[in-house]
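S.K.: Residue numbers (the working numbering): 34 to 599.
We put the CB at the ideal spot given by N, CA and C, even for glycine.
Mind looking over this structure? Questions follow.
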Amino acid sequence: MPEGRKPLRRLSRTPLPDQGPPRKSRKKLQVIICVLLVELCERFTFFGIVGNTILFCTVKLGYNNYLAATVNLCFIGASTLTPVLVGWFAETCLGRTKVLYLCAFLHFFGTAMLPVVAFPFEDFYIDTHHMTHQLEPREQQILFYIGLLAAALGIGGIRAILCPMGAYNLQGYNQHQLLSFFNWFYWLVNLNSTVVFLGIAYIQQSVARNLGFLIPFTSVLLALIAIHMIRNNLTYKPKKGGSLLTTLGVFLNSLRMCCLHSRHLSGDVASWLDRAKENNGGCYSETHVENVKVLARLFPLYGLQLLYRVCITQIPSGYYIQTMNSNLHMSGILLPIGAMNVISILPLLVLAPLIEFVTTFYLSMEKTPLAPARVITVGHVCAALSVLLAGLSELQRKAYPLVEQTLSGKVLQVSSMPCFQLAPQYILLGLAEALVTPACSLISFQLTPSHIRGISLHFLTLSYGGGCFLGAFIIQLVYFLSGGNFIPNTLHDGNLERFFFLLATLMAINTILFWSISYRYIDLSVQGKALTISPLTEKLLHYKACLRFYDTMDRSYTNNSIDSIL
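See the structure below:
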């Protein structure tokens with residue numbers, strides 16, 4: 034610089050400190066509103082279909098009770114499993130954005146098919162020659178199943194991509210905060226289902242008959258609007274930490290290596306899953322196998338939830354049929370069947386704030402609340418008592434004389450016993466759900482490392498969906514073995530109570546088994562820790578495995594040399 038001149042100062046325009054955070058918080062608020070709106074619309078469509086399927090199948094399609102219950106349970110199971118499958122497909126094959134658009138279209142198409150099937154064609158489809166065009170029963174059933182399948186796939190995509198559990202950012206929460214989140218999360222879900230069961234069931238049953246299937250069609254429009262609003266911010270990309278296929282591959286490779294070990298190889302390992310490690314001749318790294326071993330600790334928990342889910346699915350199947358064949362009139366008003374579903378939801382709406390208050394009180398007194406595993410055991414006992422009470426109520430219901438009752442335009446012969454006498458079994462099952470579901474989610478989340486928590490929640494979801502399909506299988510098996518006596522088409526001519534007693538016995542055995550292993554899930558203070566090793570160590574282990582497999586060097590020398598390096 035020339036003498037006498039001062040150096041030029043670089044002017045920089047710094048943003049005002051109060052411009053960034055408000056914009057970011059406003060954007061975050063928009064994302065939260067859109068996620069809540071999408072979740073509301075998705076639950077609205079799902080519960081709207083579930084609340085009407087059995088009544089539509091029995092009254093309009095002429096299905097037997099067991100077949101209508103099977104169709105409803107299969108739809109619930111498919112809608113529960115598809116988020117896991119669609120999420121994997123989006124991550125590995127097509128991409129999350131394309132899968133989201135595809136599932137939104139399938140959701141729209143499926144919910145559009147259901148009104149086509151449910152419409153009274155003789156009232157709407159009359160051409161210029163005054164000729165009525167009616168769907169043949171076979172065509173009607175084909176369209177109905179296509180609509181259910183498309184809706185289930187669409188529901189799975191929306192749940193997996195727009196509303197995954199990982200989007201709520203639960204990392205770093207302690208046990209009390211996690212339990213509080215799961216309690217309030219399921220509280221909001223059941224508050225939404227309360228509105229749905231009261232509104233849609235009443236419209237479908239009493240006001241507009243088959244137009245109840247039109248409401249899922251209109252609600253999916255709201256979901257599409259929410260997706261269009263902020264589609265880039267609604268999608269949540271989970272962290273990488275393994276996959277279901279990797280977990281399954283570790284199990285299959287372990288079984289294969291165990292078979293080879295019994296015939297050719299030698300050497301002992303601490304766990305049979307260790308056979309899949311590369312240093313033992315397997316195909317997977319030590320990190321992957323150790324992660325699977327952490328998940329395997331939770332498999333007994335997942336397996337013993339299957340039969341519990343069979344009991345829970347009695348609300349949209351066995352209990353629904355039992356309520357449909359009871360007296361729904363109260364003071365001259367025909368109550369919707371969904372009113373009984375609301376009774377099962379009331380314990381969940383009441384217990385979530387109560388559990389939150391009791392847990393906070395115990396922590397303030399420096400006392401330890403009841404362990405989640407003990408809470409699950411109590412919930413299983415409530416489920417077994419509910420099904421047992423359903424069998425006793427069925428005996429009482431058949432003792433009442435028959436009366437005529439009109440449902441969806443068809444006159445049915447039903448018991449004169451008031452439907453509210455079935456309320457205790459609904460309350461017990463709702464109490465079981467309020468206790469079991471948040472506790473299972475907490476254990477699955479707390480006992481696994483942060484990078485594989487998504488997989489553990491996926492396995493929990495698979496157990497829920499598997500319970501629905503197991504319930505459908507049990508209904509089919511019991512129907513054919515009993516010759517239709519345990520699940521009759523006319524309840525007064527059969528013994529539905531025997532089916533409930535059988536289910537109560539199985540659930541009691543399931544409860545005893547879970548109680549015997551619940552000690553494994555008592556201590557949640559130490560989270561599951563997966564093994565992480567360096568790439569160099571993995572290569573050394575792989576080299577050691579090659580030497581051991583081909584037996585080119587002395588085994589003791591190889592082990593000692595490489596182990597000293599590690």
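1. Whole-angstrom Cβ separation of residue 105 and residue 359, contact assumed at under 8 Å?
2. How is residue 448 classed by DSSP in three states: helix, strand or coil?
3. In the DSSP assignment, the alpha helix (DSSP H) including residue 392 goes from what residue to what residue?
4. Can you give me the Cβ contacts of residue 434 inside the same chain, cut-off strictly under 6 Å, excluding the 5 residues immediately before and after it?
5. Inspect the beta-carbon positions of residue 341 and residue 120 and report whether they are closer than 8 Å.
6. Thinking C-beta only, is residue 382 closer than 8 Å to residue 220?
7. Would you list the one or two residues that DSSP bridges to residue 366?
8. Using the beta-carbon count (16 or more within 10 Å), is residue 357 buried or exposed?
9. In three-state terms, what does DSSP make of residue 577?
10. Taking the beta carbon of residue 555 as the centre, do at least 16 other beta carbons fall within 10 Å, making it buried, or is it exposed?
11. In whole angstroms, give me the CA-to-CA distance for residue 135 and residue 96.
12. Taking a contact to mean a Cβ-Cβ separation below 8 Å, would you say residue 496 touches residue 215 in this structure?
13. I'd like the ranges of any alpha helix (DSSP H) spanning at least 4 consecutive residues and lying wholly in the stretch 430-490.
14. Within 10 angstroms of the Cβ of residue 527, are there 16 or more other Cβ atoms? Answer buried if so, exposed if not.
15. If I measure Cβ to Cβ from residue 418 and keep anything under 6 Å in the same chain, skipping five residues before and after, which residues do I get?
16. Are residue 547 and residue 335 touching if we call contact CB-CB under 8 Å?
17. Under three-state DSSP, which class holds residue 326?
18. Using the Cβ count rule (16 or more neighbours within 10 Å means buried), how would you classify residue 207?
19. Let me know if residue 6 comes out buried or exposed under the rule of 16 or more other beta-carbons within 10 Å of its beta-carbon.
20. Check whether the Cβ of residue 120 sits closer than 7 Å to any heavy atom of the ligand ATP, and report yes or no.
21. According to DSSP, is residue 554 helix, strand or coil?
22. Since residue 504 and residue 343 should fall inside the 8 Å C-beta cutoff, what is the C-beta to C-beta distance between them, to a whole number of angstroms?
23. Round the Cβ separation of residue 374 and residue 218 to the nearest angstrom and send it over; I've been treating them as touching at under 8 Å.
24. Do you know how far the Cα of residue 169 is from the Cα of residue 109?
25. What did DSSP end up calling residue 335 once you bin it into helix, strand or coil?
26. Apart from the five residues on each side of it in sequence, which residues of its chain come closer than 8 Å, Cβ to Cβ, to residue 339?
27. How is residue 93 classed by DSSP in three states: helix, strand or coil?
28. Return helix, strand or coil for residue 131, following the three-state DSSP convention.
29. Since residue 310 sits in a beta bridge, which residues does DSSP pair it with?
30. Hey, residue 540 and residue 420: beta-carbon distance below 8 Å or not?
31. Can you say whether residue 563 is buried or exposed, counting buried as having 16 or more other CB atoms within 10 angstroms of its CB?
32. Please report how far the alpha carbon of residue 568 lies from the alpha carbon of residue 321, in whole angstroms.
33. Using a Cβ-Cβ cutoff of less than 6 Å, which residues in the same chain neighbour residue 354 once the five nearest sequence positions on both sides are dropped?
34. For a test of the three-state rule: what should DSSP assign to residue 216, helix, strand or coil?
35. Please name the residue in 471, 518, 478 whose C-alpha comes closest to that of residue 407.
M.R.: Straight from the coordinates:
1. As a working note, residue 105 is residue 72 in the sequence shown. As a working note, residue 359 is residue 326 in the sequence shown. That pair is no contact at about 18 Å.
2. Working through the sequence shown from its first residue, we reach residue 448 at position 415. Residue 448 sits in a strand when the DSSP states are folded into three classes.
3. Here residue 392 refers to the residue found at position 359 when the sequence shown is read from its first residue. Per DSSP, residue 392 belongs to the alpha helix (DSSP H) from 371-397.
4. Here residue 434 refers to the residue found at position 401 when the sequence shown is read from its first residue. Here the set comprises 449.
5. One-based indexing of the sequence shown puts residue 341 at position 308. One-based indexing of the sequence shown puts residue 120 at position 87. Contact check for residue 341 against residue 120 fails: the beta carbons are separated by 8 Å or more.
6. Your numbering for residue 220 matches position 187 in the sequence shown. Your numbering for residue 382 matches position 349 in the sequence shown. At a Cβ-Cβ threshold of 8 Å, residue 220 and residue 382 count as neighbours.
7. The count along the sequence shown starts at 1 and reaches residue 366 at position 333. DSSP links residue 366 through a beta bridge to 363.
8. Translated into positions along the sequence shown, residue 357 becomes position 324. Per the 10 Å Cβ criterion, buried.
9. For the purposes of this step, residue 577 is taken as the residue at position 544 of the sequence shown. Below a pLDDT of 50, predicted positions are generally treated as unreliable, and residue 577, at 48, falls in that range; the measurement from the model is reported next regardless. Residue 577 falls in the helix class under three-state DSSP.
10. Within the sequence shown, residue 555 is the residue found at index 522, counting from 1. Burial is judged here by how many other beta carbons sit within 10 angstroms of a residue's own beta carbon; residue 555 has fewer than 16 and is exposed.
11. By one-based count along the sequence shown, residue 135 stands at place 102. By one-based count along the sequence shown, residue 96 stands at place 63. Rounded to whole angstroms, the separation of the alpha carbons of residue 96 and residue 135 is 32 Å.
12. Counted from its first residue, the sequence shown places residue 496 at position 463. Counted from its first residue, the sequence shown places residue 215 at position 182. 8 Å or more divides the Cβ of residue 496 from the Cβ of residue 215.
13. List check, alpha helix (DSSP H) in window: 456-479.
14. By one-based count along the sequence shown, residue 527 stands at place 494. Buried.
15. For the purposes of this step, residue 418 is taken as residue 385 along the sequence shown, with counting starting at 1. In the same chain as residue 418, and ignoring 5 residues on each side of it, the C-beta atoms closer than 6 Å to its own belong to 461, in chain order.
16. Within the sequence shown, the letter at position 514 stands for residue 547. Within the sequence shown, the letter at position 302 stands for residue 335. Judged by their CB atoms, residue 547 and residue 335 are not nearer to each other than the 8 Å cut-off.
17. Here residue 326 refers to the residue found at position 293 when the sequence shown is read from its first residue. Three-state DSSP puts residue 326 in a helix.
18. Your numbering for residue 207 matches position 174 in the sequence shown. The residue is exposed, with fewer than 16 neighbouring Cβ atoms inside 10 Å.
19. Here the chain has residues from 34 to 599 only, and residue 6 is not among them.
20. Absence of the ligand ATP is noted for the structure shown, with no ligands found whatsoever.
21. Numbered from 1 along the sequence shown, position 521 holds the residue referred to as residue 554. Here residue 554 sits in helix by DSSP.
22. Working through the sequence shown from its first residue, we reach residue 504 at position 471. Working through the sequence shown from its first residue, we reach residue 343 at position 310. Between residue 504 and residue 343 the beta-carbon gap is near 4 Å, inside 8 Å, which marks them as a contact.
23. As a first step, residue 374 must be located in the sequence shown, where it is residue number 341. As a first step, residue 218 must be located in the sequence shown, where it is residue number 185. The C-beta separation of residue 374 from residue 218 comes to about 20 Å, leaving the pair out of contact by the 8 Å criterion.
24. In the sequence shown, the residue the question calls residue 109 occupies position 76. In the sequence shown, the residue the question calls residue 169 occupies position 136. Rounded to whole angstroms, residue 109 and residue 169 show a C-alpha spacing of 27 Å.
25. The count along the sequence shown starts at 1 and reaches residue 335 at position 302. The three-state secondary structure of residue 335, taken from DSSP, is helix.
26. Here residue 339 refers to the residue found at position 306 of the sequence shown. Around residue 339: 496, 499, 500, 503.
27. Position 60 of the sequence shown, counted from the first residue, corresponds to residue 93. Coil, per DSSP.
28. Translated into positions along the sequence shown, residue 131 becomes position 98. Residue state, collapsed to three classes: helix.
29. Numbered from 1 along the sequence shown, position 277 holds the residue referred to as residue 310. Per DSSP, 317.
30. In the sequence shown, the residue the question calls residue 540 occupies position 507. In the sequence shown, the residue the question calls residue 420 occupies position 387. Residue 420 is positioned such that its CB atom lies closer than 8 Å to that of residue 540.
31. Indexing the sequence shown from 1 puts residue 563 at position 530. Because residue 563 sits at a pLDDT of 46, beneath the cut-off of 50, its placement in the model cannot be relied upon, and the following sentence gives the value as read from the coordinates. Residue environment analysis places residue 563 among the buried positions, since at least 16 neighbouring C-beta atoms fall within 10 angstroms of its C-beta.
32. Sequence index remark: in the sequence shown, residue 568 carries index 535 (1-based). Sequence index remark: in the sequence shown, residue 321 carries index 288 (1-based). Residue placement at residue 568 cannot be trusted, given a pLDDT of 47 that sits under 50; what the coordinates show is reported in the next sentence. Those two C-alpha atoms are separated by around 13 Å.
33. The residue labelled residue 354 in the question sits at position 321 within the sequence shown. Around residue 354: 98.
34. By 1-based counting over the sequence shown, the position of residue 216 is 183. In this structure, residue 216 counts as helix in the three-state DSSP scheme.
35. What you label residue 407 is simply residue 374 of the sequence shown in a count that begins at 1. That would be 471, whose Cα lies nearest to the Cα of residue 407.
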